[in-house]
Each structure stands twice: as C-alpha cells, then as structure tokens.
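One structure is given here, and the rest of the page talks about it.
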Amino acid sequence: MEISYFKKNILEKKYGRRSFLIGSSQLVLVGLLIRQMRQIQLNENEKYKLLAEENRIDIEILSPLRGIIFDSNGIILAKNKENYRIRILRDKNINLPELIDNFSKLIDISKERKNEIIKKLENKRFNASIVIAENLGWNDFMKVLVNLPSLPGIIPEIDLKRYYTHKELLAHILGYVGAISPKDLKEFSNNDPILQIEDFKIGKVGIEKELDKYLRGQVGIEKNEVNASGKIIRKLGEEASSPGKDLHLTIDSNLQKFTMLRIKDYSASVVVIDLASGAIICMASNPSFNPNKFIEGISQKDWNIMLESKNQPLANKAISGNYPPGSTFKMIVAMAALEENLISEEELFDCEGFYELEERKFHCWKYSGHGLTNLSKGIEESCDVYFYHLAERIGIERISNLAKKFGLGISPILPLTGVSKGLIPTKSWKKVNKKETWFTGDTLNSGIGQGFILSTPIQIAIMTARIATGLEINPFLIKAIDGRPIKNNKQQSLDISESTLNIIRKAMFGVVNNKKGTAFDSRVINENKLFAGKTGTSQIRQITEDERNQGIIKNENLPRYQRDHALFTGYAPFVKPKYSISIVVEHGGGGSKVAAPIARDVLLYALNNAIPSIQEYPIEKRNDIKLILKNIKKEMIST
C-alpha cells in the first residue's frame with residue numbers, strides 16, 4: 003500500500019528532528035570528552051605523570067648480613083642469631099585498631115604501645131610495614147602463624163639479630179650494636195642507603211663501632227613493579243647485599259674466661275700481652291654487662307643501675323681506667339737514673355722511714371724504714387725513700403722522657419672506644435694546666451708513682467713488655483680481617499742499654515722470688531715458670547701526721563672506697579719470657595696481698611693453656627689456692 007505524500011512528509015520531518023537531537027547530543031558529549039582529555043593532558047600532565055612513575059617501580063633496600071667475630075682460636079664471639087618477629091602492613095583496606103586488638107589477644111600489647119603503632123603507621127606510605135613484636139619464642143610465633151587467616155596485614159618473619167655468645171666475658175672488647183641515632187646520622191652521608199633501612203643496626207661501642215665499616219657489609223637493592231595502591235605486580239630485579247667481613251681477634255677466650263672468673267669478686271682489670279708479637283690475648287674488666295640486653299632493648303631500670311654504680315660496669319677499665327701507678331713506676335725512675343749515669347747499681351741511701359725536704363717529711367710505706375738500700379733492694383722491697391733520693395737527683399723531665407719511651411702517657415692505637423692517654427706530667431704541663439710552679443716535692447711524689455702521674459692497665463702492661471724484651475712492643479687486637487692476617491710493624495729496639503734492662507729484670511725477679519720481696523708469697527715453684535714482677539699500691543687518701551703518730555689505719559679497717567688500689571705487673575717465664583701482665587684491683591688494698599696472687603694464677607693459665615696444677619704452688623699456699631681453682635674449673639665447665 004502506498005504511503006500518501008502528506009504522511010510521507012510528516013515522517014521525514016519526525017526522523018530528521020530525532021537525528022538532529024541525537025547528533026547534537028553526541029557532539030556535546032564528544033566535546034566534553036575532548037575538553038576533559040585536554041585538561042588531563044595539558045593542565046594535570048605533570049601530576050599524573052609523577053604519580054604513574056611513583057607507582058611503577060618500588061625500590062627496597064636489602065640489609066646486609068653483619069660479619070662474624072671470632073677469637074684467636076676460631077671460637078665464635080659475635081654472630082647473627084634467628085629472631086622471630088612480626089610486622090604489620092599499612093593497607094587502606096585494613097582497620098588498624100581492630101587488627102591490633104585481635105593480634106594483642108595472641109601477643110600481649112599495652113594500650114600505649116597500640117597507640118604508638120597506629121601513630122607510626124599513619125606516617126608511613128601504603129604498603130609499608132613496621133615491626134610490632136620481636137624476640138618471640140617459638141610457641142608465640144606459632145600462635146601467630148596458626149591464626150594468620152584472621153589477621154590480614156600481619157606478616158610473620160624470621161630475620162637475624164646480633165648475639166654475643168660469651169655475654170659479660172668480652173662485652174668491653176666487642177661492644178654492641180644498636181639503632182641509628184640522630185648523633186650517628188651526623189657521621190653518615192645523606193646519600194647513604196643504609197639510612198633508609200628502618201631496623202638497621204650499627205656498632206655503638208667497642209670493636210663493633212670502631213670496625214663497623216668492615217663488619218657492616220654493603221646494602222642490596224630489590225626492584226618491584228607496583229600499582230597505584232602499592233601492590234606488587236612483579237619483581238623486576240635484585241642486586242644482592244654483600245655480607246660484612248669476618249674478624250679474628252687476638253683474644254684467647256678461654257684465658258679471658260679464666261681471668262674474669264678469677265677477678266669476679268673485685269672491681270678490677272687485667273691485661274696480658276704476647277711478647278712474641280704484641281698481641282693482646284686477654285683484656286678483662288670487671289664488673290661487666292651483658293651486651294645482648296642492648297640488642298633486645300635494655301630497661302631504664304637496668305640502665306640507671308649501671309650508670310649509677312661506683313664500680314662502673316660500662317667502662318673498660320683496662321684502657322680507660324686512670325690510676326696512679328704507684329710502685330710499679332719505680333722501674334722507670336731507676337732506668338732513667340741508670341741511663342743518665344746518675345746512679346750506680348750498688349750506691350746506697352739510708353731509709354729511716356722518711357725523707358725530709360725543707361722541713362717537710364715524705365714517708366716510706368715501712369714506718370721503721372729499710373736501712374741502707376741499693377737499687378735491687380729498693381725495687382725488691384719497694385723502698386719509697388730510696389726513690390725519693392733518686393727522683394730528686396734525676397728531675398721530672400728525665401723521668402717523663404723515659405716514661406714515654408716505655409709507653410706511659412701515650413694512647414695505644416687500638417680499635418676500641420674510650421682509650422685513655424693517661425698522664426705523665428712535666429714542669430710546663432703544670433704551668434699550663436694548674437697555673438702553678440713545679441716544686442721539688444712534686445718530683446718526689448712522681449718518683450714513687452704518685453702525685454699527678456696517671457696510667458692505665460694496658461700502658462703498664464706495655465711498659466713491662468718493653469722491659470722484658472728491650473723492644474718497642476705495640477699491642478694489637480685484630481689477628482685477621484676476612485681471613486687475611488693483619489701485618490703488624492716490626493718491633494724496633496728501645497735504644498736502652500742491655501745492662502740497664504738486666505739490672506731491672508734481676509730486681510723484678512727478686513720481688514717475686516727473694517724472701518724479702520714484696521710478692522714472695524705469690525711465687526711458683528716450677529723452675530720453668532718462675533716469673534718476675536713488681537707490686538704497687540696507689541694511695542687515694544691523705545694520711546695526716548696525727549694518724550701516722552697514732553698508727554696508720556689498715557686498708558681492711560677503712561670503708562671500701564677509701565682503700566688503696568692494688569697493682570701488680572710482671573712477665574713470665576723469667577727466662578725466655580712469653581707474656582707480660584698488669585692488674586689493677588680498685589680499692590683492693592696492697593698489691594702484694596691482692597693483685598700479685600691473681601697475676602700469678604693468670605700467668606700460669608696462659609703458660610699451661612689450662613687451669614694450673616696445684617703442684618706448681620708452694621706447699622704452704624696450696625690449701626688457699628685449691629678451693630679457688632676448683633670453683634673456677636666448675637664454673638668454666640658449666641658455662
């Protein structure tokens with residue numbers, strides 16, 4: 003049927019209007035799209051370009067494994083131990099408070115800690131994580147693993163943390179590691195990638211700090227492609243981290259253990275040097291501390307106890323303890339006089355118990371005096387008056403010069419924190435530092451190792467090592483780095499006459515092995531292990547004339563912190579010496595009663611490489627030492 007012209011015309015108009023409306027709408031939409039695209043391309047191009055680049059590649063810094071520390075025999079002293087810990091992920095799809103509450107039902111977390119975690123996470127970007135629990139036991143760790151399906155965002159992991167196998171025994175040498183502090187940041191370059199590792203630990207004290215650059219290793223990098231939400235799409239590549247270098251120390255950990263047990267009842271320090279090389283085989287300081295507590299986070303209470311203790315457990319007394327050397331300094335005075343030809347070995351001075359200078363009396367430790375005294379007797383019986391005479395004749399400048407030749411007043415070069423220089427005074431030193439003139443009385447006090455003179459146990463051990471060998475022994479602590487032995491400088495001659503050294507050595511032998519020697523009670527009877535030495539007592543309080551007239555109060559009758567320091571230094575064996583030793587017992591009283599017996603036992607252990615046989619002691623001393631050695635043996639086995 004044909005459509006009439008009129009109807010046809012009407013239909014064409016309707017279709018044309020609809021087409022126009024549809025076409026116009028399409029044009030408007032296309033225009034809007036073009037406008038929006040232009041806006042994105044032109045006006046917000048930089049914004050979206052930056053966002054796309056940030057979301058495309060995520061770079062993670064990989065922490066290196068810290069180097070292991072061994073003793074001289076290959077025994078591990080510091081290693082990396084498994085640490086079970088938990089991380090929490092920041093994800094916009096996770097309700098943090100609810101998640102932490104659920105987690106705390108498994109592992110207890112305080113309200114304050116919860117708030118701290120939330121605050122810390124809110125400052126992190128999405129897909130970042132922080133540690134919320136570590137050092138977990140296996141049972142607690144397993145509880146978390148079992149409940150993981152109900153803990154979205156909780157990440158259990160096993161990492162490695164520093165662990166010190168010998169705990170208190172080597173704490174002062176090894177030191178410990180800790181988190182990077184604002185103070186540490188000043189020592190690093192701003193571009194150092196280590197700064198980007200939140201939980202990275204660096205050496206804080208001791209060898210861990212001084213040799214951190216070797217132990218630390220090199221960081222690695224892991225590259226991942228991520229989306230705008232921070233989710234990892236795929237791994238793009240990895241540059242593995244390089245582990246730190248292993249260190250081998252010169253320390254004999256068994257000798258160290260024996261020594262620490264031998265001085266456990268004292269605030270004391272001991273140093274033993276191998277004379278063949280200069281290697282330090284023992285450096286003990288008691289009381290000590292457990293460095294593992296610093297890794298796990300020491301409590302404020304424990305920290306305050308250590309800081310406030312008069313016995314200073316945090317200090318390495320062997321290198322930082324400054325003490326008047328007392329009579330151990332008399333060998334220096336004697337050698338200075340001999341080398342300057344100001345005294346002969348047999349010249350006599352009369353000791354009546356005091357030396358008078360300008361109406362002032364300088365007393366000898368022996369109230370009744372020693373009578374006529376030559377050099378050997380002066381050292382063997384430690385006559386103060388003899389050395390007052392000597393010191394006045396020599397003068398402080400000559401004494402000072404020779405003392406420095408033997409390592410006193412000079413800081414030994416060691417990879418340790420807190421190494422002290424000590425003090426060997428001169429006239430100019432007093433003028434600059436005290437604004438006073440040097441008096442003859444100052445020289446007399448210096449002649450017996452008192453007055454302004456200060457030394458450390460390591461310095462006294464160096465002095466004795468040089469006397470025993472005639473060589474410029476320079477001690478060291480590192481045997482090898484990364485398996486490569488450390489070359490030490492050849493030991494040079496001291497340029498001291500052999501006759502002078504032999505006179506001093508013979509006198510030191512008499513100190514221990516002659517009946518009137520101050521350390522005779524600490525001798526040994528094994529002919530192959532006889533040793534030489536010198537006792538010392540550092541006076542730390544003034545004794546008034548009234549007290550002298552009424553009778554000097556004995557050390558054992560004084561409050562502990564008013565008692566004298568007890569010192570001993572020596573070497574063994576006397577023929578072909580192998581080791582030198584120094585020991586300081588703080589407030590121990592007399593060097594002959596307290597320090598010398600300890601030195602004897604440590605030297606015997608070093609010579610035997612084992613607990614000494616009771617047969618090496620004089621018969622009358624065996625009952626006293628038997629119980630001591632038995633208890634030490636028991637503790638060495640148990641630890």
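Mapping the sequence shown onto the working numbering, position 398 (from 1) lands on 400, and the numbers just tick up by one.
Heads up, the beta-carbon is just placed ideally off N, CA and C, and yes, glycines get one too.
Please name the residue or residues paired with residue i in a DSSP beta bridge.
i: Ala482; result: His250 and Pro487
i: Gln220; result: Ser244
i: His365; result: Phe356
i: Phe351; result: Thr375
i: His567; result: Ser540
i: Ser457; result: Tyr325
i: Ala80; result: Ile71 and Tyr166
i: Ile583; result: Val274 and Gly572
i: Val207; result: Tyr178
i: Ile157; result: Arg89
i: Ser131; result: Leu91
i: Leu473; result: Ser495
i: Ala534; result: Tyr573
Smallest Cα separation from residue i: which of the options?
i: Phe331; options: His372, Lys432 and Ser402; result: Ser402
i: Ala80; options: Ala242, Thr167 and Ile600; result: Thr167
i: Pro327; options: His567, Ile381, Ile630 and Lys635; result: His567
i: Lys489; options: Thr252, Ile102 and Phe143; result: Thr252
i: Gly139; options: Pro151, Glu124, Pro158 and Glu354; result: Pro158
i: His391; options: Gly443, Leu416 and Ser495; result: Gly443
i: Leu425; options: Ile160, Ala242, Pro417 and Asn435; result: Asn435
i: Lys423; options: Pro414, Ala608, Glu310 and Gly512; result: Pro414
i: Tyr165; options: Asn117, Ile71, Lys225 and Asp497; result: Ile71
i: Pro579; options: Ile542, Asn530 and Ser540; result: Asn530
i: Pro99; options: Tyr86, Arg115, Glu84 and Ile88; result: Arg115
i: Ser271; options: Lys188, Gly355, His174 and Ala336; result: His174
i: Thr428; options: Leu213, Asp267, Leu150 and Phe454; result: Phe454
i: Asp626; options: Thr641, Met638, Asp603 and Ser640; result: Asp603
i: Leu150; options: Leu171, Phe105 and Tyr178; result: Phe105
i: Ser112; options: Val335, Glu227, Gly472 and Ala135; result: Ala135
i: Ile634; options: Lys266, Arg218 and Arg87; result: Lys266
i: Ala130; options: Gly155, Leu606 and Thr471; result: Gly155
i: Leu374; options: Ile196, Asn292, Cys353 and Ile321; result: Cys353
i: Ile77; options: Leu172, Phe291, Gln461 and Asn447; result: Leu172
i: Gly420; options: Arg87, Ile209, Asp142 and Glu224; result: Ile209
i: Asp93; options: Lys126, Arg87 and Asp110; result: Lys126
i: Ile59; options: Glu360, Lys225, Tyr178 and Leu446; result: Lys225
i: Lys163; options: Glu241, Asp110, Asn117 and Gly69; result: Gly69
i: Ser269; options: Phe291, Gly222 and Ile275; result: Phe291
i: Ala467; options: Asp186, Gln493, Gly449 and Leu479; result: Gln493
i: Pro459; options: Met638, Leu91 and Val586; result: Val586
i: Val577; options: Ala463, Ala336, Leu609 and Ser540; result: Leu609
i: Ala242; options: Gln220, His250, Asp248 and Asp254; result: Gln220
i: Gly380; options: Phe408, Ala336, Leu631 and Glu170; result: Ala336
i: Arg525; options: Ile480, Ser594 and Phe364; result: Ser594
i: Lys481; options: His250, Thr445 and Ala521; result: His250
i: Asp248; options: Lys215, Leu496, Phe478 and Gly177; result: Lys215
Can you give the beta carbon distance from residue i to residue j, rounded, assuming they're within the 8 Å contact cut?
i: Leu108; j: Val133; result: Their Cβ separation, rounded to whole angstroms, is 16 Å, which puts Leu108 and Val133 out of contact at 8 Å.
i: Ile119; j: Ile102; result: 6 Å
i: Phe202; j: Ser65; result: 6 Å
i: Ile283; j: Ser582; result: Contact doesn't hold; Cβ gap of about 11 Å is too wide.
i: Met333; j: Ile469; result: 6 Å
i: Leu67; j: Asn82; result: 6 Å
i: Tyr563; j: Lys188; result: Not really, about 38 Å apart at Cβ, beyond 8 Å.
i: Arg218; j: Gly239; result: 23 Å between Cβ atoms; not a contact.
i: Glu438; j: Arg400; result: Actually they do not touch by this definition, with Cβ atoms about 21 Å apart.
i: Gly591; j: Arg565; result: 5 Å
With a threshold of 9 Å between beta carbons, is residue i in contact with chain C?
i: Ser584; result: Looking at the structure shown, chain C is missing, and only one protein chain is on hand.
Q | At least 3 beta-carbon pairs within less than 8 Å: the stretch 395-413 vs the stretch 298-311 | A | Because the criterion of three Cβ pairs below 8 Å is not met, the stretch 395-413 and the stretch 298-311 do not touch.
Q | Validate contact between the stretch 343-350 and the stretch 315-329 using beta carbons, cut 8 Å, 3 pairs | A | At 8 Å Cβ cutoff, the stretches do not touch.
Q. Can you find at least 3 beta carbon pairs, one from the stretch 568-581 and one from the stretch 520-539, that sit closer than 8 Å?
A. The stretch 568-581 makes contact with the stretch 520-539; the number of CB pairs closer than 8 Å reaches 3 or more.
**Q.** Three CB pairs or more closer than 8 Å across the stretch 553-561 and the stretch 598-609
**A.** The answer is no - the stretch 598-609 does not touch the stretch 553-561, with fewer than three Cβ pairs under 8 Å.
Q: Return the chain-ordered ranges of every alpha helix (DSSP H) run that is complete within the stretch 270-340 and spans a minimum of 4 residues.
A: Listed in chain order, they are 294-298, 302-310 and 319-322.
Q) Counting pairs of Cβ atoms below 8 Å between the stretch 365-382 and the stretch 469-486, do you hit three or more? A) no
Q. Do the stretch 146-156 and the stretch 250-266 touch if we need at least three Cβ pairs shorter than 8 Å?
A. Cβ pair count under 8 Å is below three, so no.
Q: Flag this pair as touching only if the stretch 301-312 and the stretch 610-627 have three or more C-beta atom pairs under 8 Å; answer yes or no.
A: no
Q: May I have a chain-ordered list of the beta strand (DSSP E) segments no shorter than 3 residues that lie completely inside the stretch 372-426?
A: 373-375
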